[in-house]
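Here our numbering is used: the first residue of the sequence shown is 2, the next is one more, and so on. Glycine included, each C-beta is placed from N, C-alpha and C at the ideal position.
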Amino acid sequence: MPGEGLKNQGVGAGPGAAMAGLRQEIAAGVMRFLAGGRLPAEVMVGEVYLNCTPGREVLSSLLAGHNILLVGPPGCGKTTLALNLWHFLEDTARVSGCPVNCLPGLTGCPWCRAGLSHGEAMPWPARERVVRLQGSGELQPEDLLGGVDPRRLLRYGHGDLRGMVPGRLWQANNALLVVDFLERMPGRVLGLLRYVLEGELVLPESELVLAIDTLVVATVDGQGLARLPGFILDYFDVIQVNYLESYRLEKGLLVERNIAASVAGTVVDVAHRSRHDPRLERGASTRAAVRFGELARAYSELQASGYLASEEVILRRAAEVSLAGAVKVHPALAESHSPEAIIDDMVVAVVSGRPQCRSQGGFLPREALENLAEEIAMNEEFRRDLKRGYFHSLVKMLKDNPSWELSKIFQRFLAGKLGESGVQGRALRALEIEALKEALHYLEEEAVLSSGGEGWRLSTESLKVLIGRLVAEGFASQEMPAEEGGRVGRRLPWARGEIIGVKPFTTGDGYRDLSLRDTLRRTVKRGQREIKREDLVAWQRENRTRLEAVLCLDVSSTMAELQKFWLAKKVALQLALTHLAQKDQVAVVSFANEAREVVSLSKNLARVSRALVDLEVELNAFTNIGAGLEAARKVLAKKPPDGGRRQIILISDGEATAPKDRPEGYALEQAVRMAREGIGISVVCLMGERSNPALMGRISRIGRGQLYIWEGGVRGTVGE
Numbered sequence: 002m003p004g005e006g007l008k009n010q011g012v013g014a015g016p017g018a019a020m021a022g023l024r025q026e027i028a029a030g031v032m033r034f035l036a037g038g039r040l041p042a043e044v045m046v047g048e049v050y051l052n053c054t055p056g057r058e059v060l061s062s063l064l065a066g067h068n069i070l071l072v073g074p075p076g077c078g079k080t081t082l083a084l085n086l087w088h089f090l091e092d093t094a095r096v097s098g099c100p101v102n103c104l105p106g107l108t109g110c111p112w113c114r115a116g117l118s119h120g121e122a123m124p125w126p127a128r129e130r131v132v133r134l135q136g137s138g139e140l141q142p143e144d145l146l147g148g149v150d151p152r153r154l155l156r157y158g159h160g161d162l163r164g165m166v167p168g169r170l171w172q173a174n175n176a177l178l179v180v181d182f183l184e185r186m187p188g189r190v191l192g193l194l195r196y197v198l199e200g201e202l203v204l205p206e207s208e209l210v211l212a213i214d215t216l217v218v219a220t221v222d223g224q225g226l227a228r229l230p231g232f233i234l235d236y237f238d239v240i241q242v243n244y245l246e247s248y249r250l251e252k253g254l255l256v257e258r259n260i261a262a263s264v265a266g267t268v269v270d271v272a273h274r275s276r277h278d279p280r281l282e283r284g285a286s287t288r289a290a291v292r293f294g295e296l297a298r299a300y301s302e303l304q305a306s307g308y309l310a311s312e313e314v315i316l317r318r319a320a321e322v323s324l325a326g327a328v329k330v331h332p333a334l335a336e337s338h339s340p341e342a343i344i345d346d347m348v349v350a351v352v353s354g355r356p357q358c359r360s361q362g363g364f365l366p367r368e369a370l371e372n373l374a375e376e377i378a379m380n381e382e383f384r385r386d387l388k389r390g391y392f393h394s395l396v397k398m399l400k401d402n403p404s405w406e407l408s409k410i411f412q413r414f415l416a417g418k419l420g421e422s423g424v425q426g427r428a429l430r431a432l433e434i435e436a437l438k439e440a441l442h443y444l445e446e447e448a449v450l451s452s453g454g455e456g457w458r459l460s461t462e463s464l465k466v467l468i469g470r471l472v473a474e475g476f477a478s479q480e481m482p483a484e485e486g487g488r489v490g491r492r493l494p495w496a497r498g499e500i501i502g503v504k505p506f507t508t509g510d511g512y513r514d515l516s517l518r519d520t521l522r523r524t525v526k527r528g529q530r531e532i533k534r535e536d537l538v539a540w541q542r543e544n545r546t547r548l549e550a551v552l553c554l555d556v557s558s559t560m561a562e563l564q565k566f567w568l569a570k571k572v573a574l575q576l577a578l579t580h581l582a583q584k585d586q587v588a589v590v591s592f593a594n595e596a597r598e599v600v601s602l603s604k605n606l607a608r609v610s611r612a613l614v615d616l617e618v619e620l621n622a623f624t625n626i627g628a629g630l631e632a633a634r635k636v637l638a639k640k641p642p643d644g645g646r647r648q649i650i651l652i653s654d655g656e657a658t659a660p661k662d663r664p665e666g667y668a669l670e671q672a673v674r675m676a677r678e679g680i681g682i683s684v685v686c687l688m689g690e691r692s693n694p695a696l697m698g699r700i701s702r703i704g705r706g707q708l709y710i711w712e713g714g715v716r717g718t719v720g721e
């Protein structure tokens, strides 16, 4: 059977066989390339420059005879690289008119036999030995495999390949197959491609199997990789390709296209800034930078006729046309920032020599600002070293935690200083310290940090953002399981009176008090399709007795376990926000070996929140719960009773270890004393390796309050 002859004697063999044919030819081409001595500094394939790491990976996969999947952002040169791999092939000859590109000397193909009988062998340059496909959801297997021609079928018979209409995939025999947008291909086409990756073509409506000798190089974007099925990924070496980080190489690409060196330098500067600008979710690609340079060159040619006045105007106009559509503004800034304005600002900054990352209004997206505030507030060691200006320690923590928002900003400043230099040792450490200081000064300009003494701390604006995030998370709407006398499955509100009406929703109102019916009614009356913050309506409750509350926080060494201390601060911040919104007074007391008054009774949220965030764990300190309760009682005793209620909220893990002779007994004695004076005690017990919920339960019962257990990531607030 002709099909069987082609299967058995064809030029291709599947990947299960020993590497031969096209793959061996490519491997030999790679060896010739390596003999040129172009590594390890850089890899250049044809007209394509590669960073060192992906370049080595591509060459290694080609040497191994593996199919390659290039993954990277749009415009980084994936397809151009794939198409330039023909440089590893050689010029050869093929049979003229053969739809499967058979080489002369094979007899299994009916077209070849007919062609060779007339001596129709023709040259086949290496540049033409590339077949390109583009993924699309509308692509069908028949588009690639072809189909049956009824007239040819009647003439040659059912078992003859000449009865088929050849498809695009047939031409990939003895050639490279480049597949763009692999993730866009439908499932049926991916199933067909699986056979091609195994070295076979299963022809439709027949029993014929065509052996095909090809190597597949496919491309996907970063997000598309997750959409590919595992059975396809098993056949590929996945290689990450990114934009050129080398200023010299990217500038060289532009100069090779007859773009003036000065213009090329400006174009590359703008492109690199866009890739590291926090306002942009996606920066300008290498392809966009080339377009920018070419358009700037064209505008320069029109300058002689007076069409454009100056080089700056040329660059700004060219950047607006070529880059505005290539970048993507961060979603948090999409309404307030246009891509045209951001790109124009970058061009002006480069032309005027303004430093990168100079402070500008709204430079940091709000989400990044919130992440920064919470990262600094929750990381006790980092915040302490930041306050004291311990730069070496800060640099180490940032390098160990590259996912932090502050680490990303630090890396941008550091990259700007390193450039193309290979700095090492003390010089590198000095540059890292300098980059960190510049990053911190930048964040100070952005009102994220405020300087004081030798270091920095969170600014008042960051504290507002941090508290706003706690409210947005619905921190007060969660429930906590209770033990030792606590109430299970019920969240007791703090001083909530009966509902007497409705009012506009304001900061401090609980989300449980939202009136959905009145909110929707107000939105409809305004003729809107979406609910905005000013449309929110909350239940108004009757006035209740004023409350004086003391937040009593454990700062002993056991609170440093996991995130216990940050959780304690979050509870305290939410309670302070809730009480101060109700015109109550709040004080803060901390305790370890001894206790101290941090903030006296106050109605100032900024003062209370600042004190809570700045609290530090006292290392190697014991837990004196009794001293904390006594200090809280003294704070309340400074003001004579005026009919209002007095409440102490104890936030600790309950592991009493001081005073040495009887730590638990001393804590219980202080609880009894306060109960006799009419002071209530509610307790939040943070569970960990060392905690004592039993003791905390006894204290809450004596103080006629509530006990809430925080365990396993469950979040909540404290009730009366």
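Three-pair Cβ contact test at 8 Å for the region 129 to 146 versus the region 51 to 70:
The region 129 to 146 vs the region 51 to 70: no contact.
Which whole-angstrom value describes the C-beta separation of D401 and D555, a residue pair presumed to lie in contact below a C-beta threshold of 8 Å?
The beta-carbon separation of D401 and D555, rounded to 28 Å, does not stay under the 8 Å limit for a contact.
Which term fits F566, buried or exposed, when burial requires 16 or more other beta carbons within 10 angstroms of its beta carbon?
Label assigned to F566: buried.
Please work out which residues of its chain come closer than 6 Å, Cβ to Cβ, to L444, disregarding the five sequence neighbours upstream and downstream, and give them in chain order.
Excluding residues within five positions, the ones whose Cβ falls inside 6 Å are L450.
Straight-line Cα distance separating N174 from L64:
Rounded to the nearest angstrom, the gap between the Cα atoms of L64 and N174 is 19 Å.
Start-end ranges of the alpha helix (DSSP H) lying completely within the region 576 to 661, minimum 4 residues
If we require 4 residues or more, the alpha helix (DSSP H) runs fully inside the region 576 to 661 come out as 606 to 615 and 626 to 638.
What whole-angstrom Cβ distance do L178 and V217 have, given they're in contact under 8 Å?
Yes, L178 and V217 are in contact; Cβ-Cβ is about 5 Å, under 8 Å.
Have a look at N625, A378 and P641 and flag the residue whose alpha-carbon is nearest the alpha-carbon of D662.
Nearest option by C-alpha distance: N625.
Range of the contiguous beta strand (DSSP E) that encloses M560
Counting along the chain, M560 falls outside any beta strand (DSSP E), and DSSP gives it neither H nor E.
Cα-Cα separation between V618 and M560, rounded to whole angstroms:
Their Cα atoms are separated by approximately 7 Å.
For G645 and E549, believed in contact at Cβ under 8 Å, the rounded distance:
Indeed, because the Cβ distance is near 6 Å, the residues count as touching under 8 Å.
With P167 as the anchor, note down where its beta strand (DSSP E) starts and where it stops.
From DSSP, the beta strand (DSSP E) with P167 extends over M165 to P167.
L204 versus C110: straight-line alpha-carbon distance, rounded:
Going from the Cα of L204 to the Cα of C110 covers about 15 Å.
Would you mind sorting V314 into buried or exposed? The rule is 16 or more other CB atoms within 10 Å of its CB.
Flag for V314 reads exposed.
State the Cα-Cα distance for the pair A632 and V590, rounded to the nearest angstrom.
Put simply, the backbone Cα of A632 is about 7 Å away from that of V590.
What residues match up with A219 in a beta bridge as DSSP calls it?
According to DSSP, A219 bridges with L70 and V180.
For the putative contact between G456 and R389, defined by C-beta atoms under 8 Å, what is the C-beta separation to the nearest angstrom?
Taking a contact as a CB-CB distance under 8 Å, the pair G456 and R389 counts as one, their CB atoms being some 5 Å apart.
Can you tell me the Cα-Cα spacing of E690 and V599, whole angstroms?
Whole-angstrom Cα-Cα distance: 28 Å.
Among all the DSSP beta bridges, which residues are the ones paired with M123?
Partner residues in the beta bridge of M123, as assigned by DSSP, are R95.
How about K604 and Q586: are their beta carbons less than 7 Å apart?
One thing to note: K604 has its Cβ within 7 Å of the Cβ of Q586.
Provide the residue span of the beta strand (DSSP E) that contains S263, from first to last.
Membership of S263 in any beta strand (DSSP E) is not indicated; the residue belongs instead to the alpha helix (DSSP H) covering A262 to H277.
At the level of alpha carbons, what is the spacing between S701 and S452?
Spanning the alpha carbons of S701 and S452 requires a straight line of approximately 41 Å.
Through-space distance from E535 to D510, alpha-carbon basis:
One C-alpha to the other measures close to 14 Å.
Using the DSSP secondary-structure output, state which residues sit across from C553 in a beta bridge.
Answer by DSSP bridge pairing, in chain order: V590 and L651.
Below 7 Å CB to CB, which residues in the same chain sit around Y461 once its five sequence neighbours on both sides are set aside?
The sequence shown places Thr at residue 461, not Tyr. Excluding positions up to five away in sequence, the list reads A607.
Just reading off the beta strand (DSSP E) that S683 is part of, what are its end residues?
Per DSSP, S683 is one residue of the beta strand (DSSP E) stretching across G681 to L687.
Of the residues I344, D222 and E251, which one's Cα is nearest the Cα of R280?
Ranked by Cα distance from R280, the options I344, D222 and E251 are led by I344.
Measuring CA to CA, which of S263, K418 and F232 is closest to K429?
The displayed chain sequence assigns Leu, not Lys, to residue 429. When only C-alpha atoms are compared, the closest one is K418.
Using the C-alpha atoms, what's the distance from A219 back to C686?
Take the alpha-carbon of C686 and the one of A219: they are about 56 Å apart.
Got a sec: is the Cβ-Cβ distance from K571 to anything in chain D below 7 Å?
The chain labelled as chain D is not found in the depicted structure, where only one protein chain is given.
Beta-carbon separation of S692 and A622 under 7 Å?
In this structure, A622 does not lie closer than 7 Å to S692 by Cβ.
Measure the C-alpha to C-alpha separation of I377 and P505 and round it to an integer number of angstroms.
Answer to the nearest angstrom: the Cα atoms are 33 Å apart.
Quick check on the burial criterion: 16 or more other C-beta atoms within 10 angstroms. Buried or exposed for Q707?
Label assigned to Q707: buried.
Taking contact to mean at least 3 C-beta pairs separated by less than 8 Å, is the region 315 to 326 in contact with the region 231 to 251?
Output reads no: the region 231 to 251 does not touch the region 315 to 326.
Cα-Cα, which of L515, V538 and L193 is closest to F232?
Answer by Cα proximity: L193.
What are the residues that DSSP puts in a beta bridge with I240?
Answer is L71.
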